[in-house]
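K.L.:
What follows is a single structure, and I will ask about it in a moment.
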Amino acid sequence: MTYQLLFLCTGNYYRSRYAEILFNSLAAEIGLDWQATSRGLALEVGINNIGPMNTTAMNRLQQQGIVTDAYSRSPVQAQESDLVQADHVIALDETEHRPYLAERFPDWPDKVIYWSVRDLGFVPAQLALPKIDHEVRRLVQQLSHATT
């Protein structure tokens, strides 16, 4: 059985996409039986997002040797079924995402794990992406120990 992990951010363009792709790459490297997806809680907020994914995040993943078709996928709005199907749900920033969850998915705010990775405009990518790297690597390590 493959376990499902869902990463959430606002626009599914930058943070959650980066976390999803990095997680799936690291999990595959060690044979971890988890698969990540990502969704956005408020795609309408990202009206200035150009292309399917933030190029800075994509470039950083490519510099790490991660090649995938996932770069070309357009952002996807979260649906309740996405939350229900996931074994773990992680929102990238509690301050930003808890209110969206409370408004759009009122049964979910207290069922989600929250990280503290602020969006562009609050924290530059040069600080945010390494923080996501750290959190994802720590998560992969935790899950690998939990399943062995």
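Here the sequence shown stands for residues 337 to 484, where the numbers follow our numbering. Beta carbons: idealized from backbone N, C-alpha and C, even for Gly. Being a predicted model, the structure only gives us computed values, none of them experimental.
1. Are there 16 or more other CB atoms within 10 angstroms of the CB of V472, so buried, or fewer, so exposed?
2. Output the boundary residues of the alpha helix (DSSP H) element that contains A482.
3. So, at 7 angstroms on beta carbons, what are the nonlocal neighbours of V381 in its own chain, with the 5 sequence-adjacent residues on each side left out?
4. Which two residues bound the contiguous alpha helix (DSSP H) that contains I357?
5. For a quick check, are the C-beta atoms of A378 and N360 less than 8 angstroms apart?
6. Starting from the C-beta of Y450, find all residues in its chain whose C-beta is less than 6 angstroms away, skip the five residues before and the five after it, and write them out in chain order.
7. From the DSSP secondary-structure annotation, give me the bridge partner or partners of W370.
8. Would you give the residue range spanned by the alpha helix (DSSP H) that V420 belongs to?
9. How should S408 be labelled, buried or exposed, when 16 other C-beta atoms within 10 angstroms of its C-beta is the threshold for buried?
10. Where F441 and W370 are concerned, what is the direct C-alpha to C-alpha distance, given to the nearest angstrom?
11. Just checking my contact of I468 with Y354 at CB under 8 angstroms: how many whole Å lie between their CB atoms?
P.N.:
According to the data block:
1. Buried, because 16 or more other Cβ atoms sit within 10 Å of the Cβ of V472.
2. Taken as a continuous stretch (DSSP letters only), the alpha helix (DSSP H) holding A482 covers A461 to A482.
3. Answer for V381: T346 and G347, listed in chain order.
4. Looking at the DSSP string, the run of the alpha helix (DSSP H) that includes I357 is R351 to I366.
5. Cβ atoms of A378 and N360: not closer than 8 angstroms.
6. A427 and E430, listed in sequence order.
7. Beta-bridge pairing links W370 to Y339.
8. Counting along the chain, the alpha helix (DSSP H) containing V420 begins and ends at E416 to Q421.
9. By the neighbour-count criterion, in which a residue is buried when 16 or more other Cβ atoms sit within 10 angstroms of its Cβ, S408 is exposed.
10. Their backbone Cα atoms lie some 24 angstroms apart in a straight line.
11. With a Cβ gap of about 6 angstroms, I468 and Y354 count as contacting.
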